[in-house]
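Below is one structure; the comments refer to it alone.
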Amino acid sequence: AFGLSVTIVAVVAFIFVYAWTSSLGNEMKLNLSLLAAFLLLFVVGFMLASIWIWHNNKIIITNQNLVEVEQKSLFNKSISTLRLVNIQDVSADVEGPVQSALGYGTVTVQSAGEKRNFVFQYIPQAYELKDYISDLHLYAATEQEDKLLER
53 AFGLSVTIVA VVAFIFVYAW TSSLGNEMKL NLSLLAAFLL LFVVGFMLAS
103 IWIWHNNKII ITNQNLVEVE QKSLFNKSIS TLRLVNIQDV SADVEGPVQS
153 ALGYGTVTVQ SAGEKRNFVF QYIPQAYELK DYISDLHLYA ATEQEDKLLE
203 R
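According to my numbering, the sequence shown holds residues 53 to 203 in order.
Now the structure itself:
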């Protein structure tokens with residue numbers, strides 16, 4: 053959303069500068085047009101970097117683990133793993149009319165121990181993901197209990 057806003061402002065500024073420079077000389081028009089084109093390229097590059105960072109954030113759910121791959125910046129990535137049996141609570145929040153209408157929300161997974169909570173924002177069908185993780189937690193806990201009883 054931020055990148056789109058910046059792009060719209062840059063395009064409007066480009067149009068304004070072009071209209072404003074109609075009374076200036078050709079050399080000044082060229083300089084201002086080059087400056088505006090450079091700024092537009094910078095904004096587009098910023099948007100592409102933002103999209104790349106967003107696209108590389110992932111949630112990987114296996115039958116034993118919940119893995120969060122968080123791309124924090126172009127050159128900064130964090131990977132966190134939580135065993136499903138260590139989950140204490142899973143909650144989903146869909147706040148406001150926009151999230152309700154578009155069907156996305158925030159899923160928070162609380163873990164046993166001192167580690168931070170896993171917070172996944174802008175998740176489509178947040179309630180379904182919450183139920184899915186809760187079911188997997190129950191399955192993993194039951195499976196672990198069965199293994200302990202076999203010993």
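Ideal Cβ positions, reconstructed from N, Cα and C, are used throughout, including at glycine.
Apart from sequence neighbours up to five positions away, no residue of its chain approaches Asp187 with a beta-carbon distance below 7 Å.
Scanning Asn115, Thr114, Ile103, Asp141 for the CA closest to the CA of Gln123 turns up Ile103. Under the three-state reduction of DSSP output, Lys182 falls in the helix class. Straight-line measurement puts the Cα of Leu93 at about 10 Å from the Cα of Thr59.
Listed as beta-bridge partners of Arg135 by DSSP are Asn117.
With distances taken between CA atoms, Gln177 lies nearest to Asp145 out of Asp198, Ser57, Asp145. Per the coordinates, the alpha-carbon of Ile139 lies some 4 Å from the alpha-carbon of Ser163. DSSP places Val64 in the helix class (H, G or I) of the three-state scheme.
In this structure, DSSP gives Gly97 a helical state, which the three-state scheme calls helix.
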